[in-house]
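*Asks:* Position one of the sequence shown corresponds to residue 657 (my numbering), numbered consecutively onward.
Using N, Cα and C, we set each Cβ at its ideal position, and we do this for glycine too.
These numbers were taken from a predicted model, which means no experiment stands behind them.
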Amino acid sequence: MSLTVEKLNDDATFIFALAPPFAPQTNNRKFPGAFTILIDPWLQGSSSYLHPSFQEAQHTGGCTINSLSDLQEPPDLIIISQEKPDHCHQETLCSLPKNTTTTILATPPAAKKIRSWDYFDEDTVQVLRPYNPKDDDSVFRTSLPSYTSSSSEGEITVANVVTKYDVTGLHNAIGITYRSPGSILSALKRESVNLTELLNHQSPRPSTAPTQPKLRQSKSASRLTLSRNKDASLSAPSTPKGRPRTASSPRKPAFDTESMDKTYTSPSRPPAIPPGLGTRSRTDSHTSTTTTTTTQSPLNTTAHREKPLTVLYTPHGISLSSLQPYLTHYLEPQQASSSTLFHCLNTETNPIFLGGTVAHGAPGGIKLAKALQARNWFGTHDEVKVLKGWSTMWIRSTRFAAEEVRGMLRDGGGGGGEKGKKGRENGDGGCGTEVHCLEAGGRLRVEG
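Structure below.
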């Protein structure tokens, strides 16, 4: 599986393009099983909190597009991580059509704010409740249709991990997991199996062309189901206002044989009997004829189940203690294949009477990167903006370059020294985490 990261501004607006492992490396957003997420869009105009005299910010860097209507294709999902105007920007969001078919998933305060604009259809905005390890419904889920009737579905999950007693409401994290539909037929309990192992048992040949994703009606806001239609657009669910949604069984489109053939070719002759196959003899008492039958050991489907790719987006940072329940109760049992962290590099602080820490920066991000065993860390929300208003007078910032953060990772949180130099030379901070700082328009593909 892969994650293609595209940055739309110099701040915290990203597109996450998630794709199956056998999808082409470019132009794969329409590929069956692919899913696209836009997060915290703020493009043109200023952002003002409470009142311009209190706080107002403007971009200093450019944006790749002027409005969301300029996107070549609408995303499958828009996530709003918090209600602050630089994350929940009215001018940008309202550049979408009123009847947009893209679902907007927002934290409770942000959803309330968006609905107060009275702009979007009532079912467009869905609430992402705080994550609770004891409540499965606190995780938003979207099913990705399987390629055949006997292969496993894929799934997108989104969780809102919050910090208790956070007066500022800044320090939350959006956890995203992506598991692509099974690329092969399933054996037991609809679980995907390893391709090499499968070739020793069967040679699937699914057919017919896939169609494009569309959000189906559902009862629960914590679960949406995708089906396919011809036009690549997403259709928002249609339910009465205030009614919860429920999951419906998606249509099972088959997979295109041409695309499958690019991934593997069926063997030209029957495979040899695998070691897991045995024989047994049975004698018919009436005919005295001995017949031999084969018994096939079940595939180890659990061991080869698709492992999800994980994204953690926390632009202001979050404490490890607040994140730990999500790591322990949700991510660890899934044994994610890789993790990508989106976290600020620069620290920002205010006086205590204005909330104290604004951004945890590199020191806090290092702790999360190690706990996640993140392969990639993208600097987020580090744009130097034009700030106005009396509340911005006391902000104190410390900037960290990507090379410096790599050295800090190597040193376990400190900078400099020979270890830091070695980490910078390796490019991964010496602990397996690659640090990236994309500019507006930058794009990078990472493998899961």
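1) Enumerate in chain order the residues of its own chain whose CB-to-CB distance from Val795 is below 8 Å, with the five nearest sequence positions on each side excluded.
2) At 4 residues or longer, what runs of the alpha helix (DSSP H) sit wholly inside the stretch 743 to 799?
3) So Thr996 and Val1091 are in contact, right, with Cβ under 8 Å, and what is the actual spacing, rounded?
4) Could you check which residue in Phe691, Ala675, Phe687, Ser702 has the C-alpha nearest to that of Asp1044?
5) By alpha-carbon positions, which one of Asn1006, Leu1024, Gly1011 ends up nearest to Trp1050?
6) Where does the unbroken alpha helix (DSSP H) through Tyr803 begin, and where does it stop?
7) Are the Cβ atoms of Leu1094 and Phe1056 separated by less than 9 Å?
8) What residue range is occupied by the uninterrupted alpha helix (DSSP H) comprising Lys1023?
9) Please tell me whether Pro753 and Leu784 are closer than 9 Å, where the distance is taken between their beta carbons.
10) For Gly1012, count the other beta carbons within 10 Å of its own beta carbon; 16 or more makes it buried, fewer makes it exposed. Which is it?
11) Looking only at its chain, what residues have a beta carbon closer than 6 Å to the beta carbon of Ala928, apart from the 5 residues adjacent to it on each side?
12) Answer yes if the stretch 686 to 696 comes into contact with the stretch 668 to 675, meaning at least three C-beta pairs across the two stretches below 8 Å, and no otherwise.
13) Would you say Leu699 and His745 are within 9 Å of each other, going by their C-beta atoms?
14) Between the alpha carbons of Leu1001 and Thr804, how many angstroms are there, rounded?
15) For Thr682, count neighbouring C-beta atoms within 10 Å of its own C-beta (all shown protein chains included) and say buried if the count is 16 or more, exposed if not.
16) Grouping DSSP H, G and I as helix and E and B as strand, with all else coil, what is Asn722?
17) Spatial neighbours of Leu1010 within its chain, please: CB distance less than 7 Å, with the 5 preceding and 5 following residues excluded, ordered by chain position.
18) May I have the straight-line CA-CA distance separating Ala1027 from Tyr982, to the nearest angstrom?
19) Helix, strand or coil for Thr984 per DSSP?
20) Between which two residues does the alpha helix (DSSP H) carrying Leu699 extend?
21) I'd like to confirm the pairing. Which residues does DSSP put opposite Phe1009 in its beta bridges?
22) Starting from the C-beta of Asp791, find all residues in its chain whose C-beta is less than 7 Å away, skip the five residues before and the five after it, and write them out in chain order.
23) Just the C-alpha distance for Leu976 and Leu1024, rounded to the nearest angstrom, thanks.
24) If Thr758 sits next to Leu733, beta carbons under 8 Å apart, how far is it from one beta carbon to the other, in whole angstroms?
25) Going by C-alpha to C-alpha distance, which of Ala1058, Val817, Pro964, Glu962 sits closest to His972?
26) For Pro731, tell me which candidate among Phe710, Gln738, Ile695 has the shortest Cα-Cα distance.
27) Looking at the C-beta of His1037, does it have a partner C-beta in chain D at a distance below 9 Å?
28) Nearest CA to the CA of Val1040: which residue from Tyr834, Thr1003, Thr720?
29) Alpha carbon to alpha carbon, what distance is there between Ser994 and His1037?
30) Between Ala767 and the rest of its own chain, which residues show a CB-CB distance below 6 Å, the 5 nearest in sequence each way excluded?
31) Measuring only the C-alpha atoms, how far is Lys663 from Gly810?
32) Taking DSSP as the reference, what is the three-state secondary structure of Leu826?
*Replies:* In brief:
1) Within the same chain, Val795 has close Cβ partners Tyr787, Thr813, Val814, Ala815, Ser878, Tyr986.
2) Runs of the alpha helix (DSSP H) lying entirely within the stretch 743 to 799 and spanning at least 4 residues, in chain order: 746 to 749, 764 to 772.
3) Contact between Thr996 and Val1091 is ruled out by a C-beta separation of about 12 Å, above the 8 Å threshold.
4) Just to set this straight, residue 1044 is Lys in the shown sequence, not Asp. Closest by alpha carbon: Ser702.
5) Looking at the Cα atoms, Asn1006 is the closest of the given residues.
6) Element bounds for Tyr803: n/a, residue is neither H nor E.
7) Cβ distance not < 9 Å, so Leu1094 and Phe1056 don't count as in contact.
8) Segment 1017 to 1028, the alpha helix (DSSP H) holding Lys1023.
9) No Cβ-Cβ contact shorter than 9 Å links Pro753 with Leu784.
10) It counts as exposed.
11) With a pLDDT of 43 at Ala928, under the threshold of 50, the modelled position of this residue cannot be trusted, and the question is left open.
12) Three or more Cβ pairs closer than 8 Å define a contact, and the stretch 668 to 675 meets that threshold against the stretch 686 to 696.
13) Yes, Cβ-Cβ distance for Leu699 and His745 is below 9 Å.
14) Taking the straight line joining both Cα atoms gives about 44 Å.
15) Label assigned to Thr682: exposed.
16) Coil at Asn722, not helix or strand.
17) Here the set comprises Ser1047, Trp1050.
18) CA-to-CA, the gap between Ala1027 and Tyr982 works out to about 12 Å.
19) Look at Thr984 here: in three-state DSSP terms it is helix.
20) According to the DSSP assignment, Leu699 belongs to no alpha helix (DSSP H), since it is labelled neither H nor E.
21) By DSSP's assignment, Phe1009 forms no beta bridge with any residue.
22) Contacts found: none.
23) In this structure, the alpha-carbon of Leu976 lies about 6 Å from that of Leu1024.
24) So it is a contact: roughly 7 Å between Cβ atoms.
25) Closest in C-alpha terms to His972, from the list Ala1058, Val817, Pro964, Glu962, comes Val817.
26) Closest option to Pro731, Cα to Cα, is Ile695.
27) Note that chain D does not occur in the displayed structure, where there is just one protein chain.
28) When C-alpha distances from Val1040 are compared across Tyr834, Thr1003, Thr720, the shortest belongs to Thr1003.
29) Straight-line Cα distance between these residues: approximately 23 Å.
30) Result list for Ala767: Val781, Val783, in chain order.
31) Each residue's CA atom was taken as its position, placing Lys663 and Gly810 some 26 Å apart.
32) DSSP, read as helix, strand or coil, puts Leu826 in coil.
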